[in-house]
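Trainee: Each position in the sequence shown, counted from 1, maps to that position plus 95 in this note's numbering. A single structure is presented below for examination.
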Amino acid sequence: MPCHSPTGLSSRFDRRLCPAEARADFTRRVSDLYVLRGYDASYRKLQKSSQSTAGLKRFFLILASLVLLAALALGAYFLAWPTIWWKQKMTVTVATPEGEVSGSSIVRSLVSYEPHFLQDTGYFHYSWRGEAVTVVLPDGRYLFVLLGHPPSMAEAVFKDSLPEHWSKANDHGRSYFRKLSSLRESRAVPPETFPVFVTFTDPANPATVARVDPGDLAASFGHGYRLKSVMLEITDAPVTKGEVEKALGWIGEYPETPVLTKIDPHDFSFAAKLRQGSFIQR
Numbered sequence: 096m097p098c099h100s101p102t103g104l105s106s107r108f109d110r111r112l113c114p115a116e117a118r119a120d121f122t123r124r125v126s127d128l129y130v131l132r133g134y135d136a137s138y139r140k141l142q143k144s145s146q147s148t149a150g151l152k153r154f155f156l157i158l159a160s161l162v163l164l165a166a167l168a169l170g171a172y173f174l175a176w177p178t179i180w181w182k183q184k185m186t187v188t189v190a191t192p193e194g195e196v197s198g199s200s201i202v203r204s205l206v207s208y209e210p211h212f213l214q215d216t217g218y219f220h221y222s223w224r225g226e227a228v229t230v231v232l233p234d235g236r237y238l239f240v241l242l243g244h245p246p247s248m249a250e251a252v253f254k255d256s257l258p259e260h261w262s263k264a265n266d267h268g269r270s271y272f273r274k275l276s277s278l279r280e281s282r283a284v285p286p287e288t289f290p291v292f293v294t295f296t297d298p299a300n301p302a303t304v305a306r307v308d309p310g311d312l313a314a315s316f317g318h319g320y321r322l323k324s325v326m327l328e329i330t331d332a333p334v335t336k337g338e339v340e341k342a343l344g345w346i347g348e349y350p351e352t353p354v355l356t357k358i359d360p361h362d363f364s365f366a367a368k369l370r371q372g373s374f375i376q377r
């Protein structure tokens, strides 16, 4: 049976007189308190989550800004100091007693511009990747036409198709080298521009290297051998790989390595000064 306070007001006396209502009221108050605490905890969690999300957004915004700035700086650098490159194919044809044979090699030449802060520093430098021309002769011997300086060779061979030399150009040769890289023609290499020609008595023994006179192949290979042509072409074909290593198994990884395994300190011969980088540049 429910009980009621005579005064209609809640009091300790009332709760003692009406223990059932007091317990219900207490339970309700405790329940409300837990609900409020739960709302508060959920709010705090939501607030922390919002703060964390905002922090992540700020982090990614800063990161994206830095990446954009780096990309713009890198783009500006390469625009101001570009690397201009082209691929050139040299083909060497030799007349032999058994007919003509030829070999070719495609080299990638690069002209890399760099900041010019000091008066004695250059505006650009040359580099190249590729290997020497390998001509396999009918009797199994090899004729190698070394790399030399491929960019300078291309400049000399195609000079008639190019604008004024870079030293006379206002853009320090940028238009000159861009024109060279855009050429798609083939020309004969004049004898004064020939790289060095060499052979090996025994290709497995680097000490048997010998220089070859391109004007007198018969002196190195015998009667009936003659250089017929050396042609240079600007091309889109891929760089040649593996031909030199196939013929000379001792070629190593580093271009500065001497061809001879043992060199006398007082030996200044051609063989002693020859480096493996004359055969291949990776």
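Using N, Cα and C, we set each Cβ at its ideal position, and we do this for glycine too.
1) Is Glu226 near Val307, with beta carbons less than 8 angstroms apart?
2) Note down the Cα distance separating Leu312 from Asn300, rounded to an integer number of angstroms.
3) Measuring alpha carbon to alpha carbon, tell me which residue in Gln371, Thr330, Ser160 and Lys274 is nearest Gly344.
4) Given this structure, state the Cα-to-Cα distance separating Phe289 from Phe154, to the nearest angstrom.
5) Check whether the region 219-239 and the region 357-365 are in contact - that is, three or more C-beta pairs closer than 8 angstroms.
6) Roughly how far, in whole angstroms, is the beta-carbon of Ile358 from the beta-carbon of Ser276, given that I think they are within contact range, below 8 angstroms?
7) Just curious, the beta strand (DSSP E) that Ser270 is in, first and last residue?
8) Within this structure, are the beta carbons of His220 and Ser207 separated by less than 8 angstroms?
9) Under 8 angstroms, with one C-beta from each stretch per pair, do the region 322-338 and the region 238-256 reach the 3-pair mark?
10) Who are the Cβ neighbours of Arg377 in its own chain at under 7 angstroms, not counting the five residues just before and after it?
11) Tell me, please, which residues DSSP counts as bridged to Ser281.
12) Which value, in whole angstroms, describes the spacing of the CA atoms of Val189 and Val202?
13) With 16 other CB atoms within 10 Å as the buried threshold, where does Gly335 fall?
14) Which residues share a DSSP beta bridge with Tyr221?
15) Secondary structure at Arg236, three-state DSSP: helix, strand or coil?
16) Please name the residue in Val284, Leu242 and Val230 whose C-alpha comes closest to that of Lys254.
17) Where does Phe154 sit, in a helix, a strand or coil, going by DSSP?
18) What does a CB cutoff of less than 6 angstroms around His361 pick up in its chain, not counting 5 residues either side in sequence?
Mentor: Answer, in terms of the structure:
1) Stepping through the sequence shown from its first residue, residue 226 is reached at position 131. Stepping through the sequence shown from its first residue, residue 307 is reached at position 212. It is not a contact, given that the beta carbons lie outside the stated cut-off.
2) For the purposes of this step, residue 312 is taken as residue 217 along the sequence shown, with counting starting at 1. For the purposes of this step, residue 300 is taken as residue 205 along the sequence shown, with counting starting at 1. Going by the C-alpha atoms only, they are around 21 angstroms apart.
3) The count along the sequence shown starts at 1 and reaches residue 344 at position 249. Minimum Cα distance to Gly344 is reached at Gln371.
4) For the purposes of this step, residue 289 is identified with residue 194 of the sequence shown, where counting begins at 1. For the purposes of this step, residue 154 is identified with residue 59 of the sequence shown, where counting begins at 1. Whole-angstrom Cα-Cα distance: 59 angstroms.
5) no
6) The residue given as residue 358 occupies position 263 in the sequence shown. The residue given as residue 276 occupies position 181 in the sequence shown. That belief does not hold up - the Cβ atoms of Ile358 and Ser276 are roughly 39 angstroms apart, past 8 angstroms.
7) Sequence index remark: in the sequence shown, residue 270 carries index 175 (1-based). Secondary structure note for Ser270: it is in no beta strand (DSSP E), and the uninterrupted alpha helix (DSSP H) holding it is Arg269 to Ser277.
8) Against the sequence shown, residue 220 aligns to sequence position 125. Against the sequence shown, residue 207 aligns to sequence position 112. Yes, the pair counts as a contact, with Cβ atoms nearer than the cut-off.
9) yes
10) Translated into the one-based positions of the sequence shown, residue 377 becomes position 282. Contacts found: Arg224.
11) Sequence index remark: in the sequence shown, residue 281 carries index 186 (1-based). Glu328, per the DSSP bridge assignment.
12) By 1-based counting over the sequence shown, the position of residue 189 is 94. By 1-based counting over the sequence shown, the position of residue 202 is 107. For Val189 and Val202, the distance between alpha carbons rounds to 21 angstroms.
13) Position 240 of the sequence shown, counted from the start, is the residue given in the question as residue 335. Before going on, a small fix: residue 335 reads as Thr here, not Gly. Counting the other CB atoms within 10 Å of its CB gives Thr335 a total of 16 or more, which places it among the buried residues.
14) Locating residue 221 in the sequence shown gives position 126, where the first residue counts as 1. For Tyr221, which the question treats as bridged, DSSP gives the partners Val206.
15) As a first step, residue 236 must be located in the sequence shown, where it is residue number 141. In this structure, Arg236 counts as coil in the three-state DSSP scheme.
16) In the sequence shown, residue 254 corresponds to position 159, counting from 1. Nearest option by C-alpha distance: Val284.
17) Reading the sequence shown from its first residue, position 59 is the one you call residue 154. DSSP places Phe154 in helix when its eight states are reduced to three.
18) By 1-based counting over the sequence shown, the position of residue 361 is 266. So the list is empty, once near-sequence residues are dropped.
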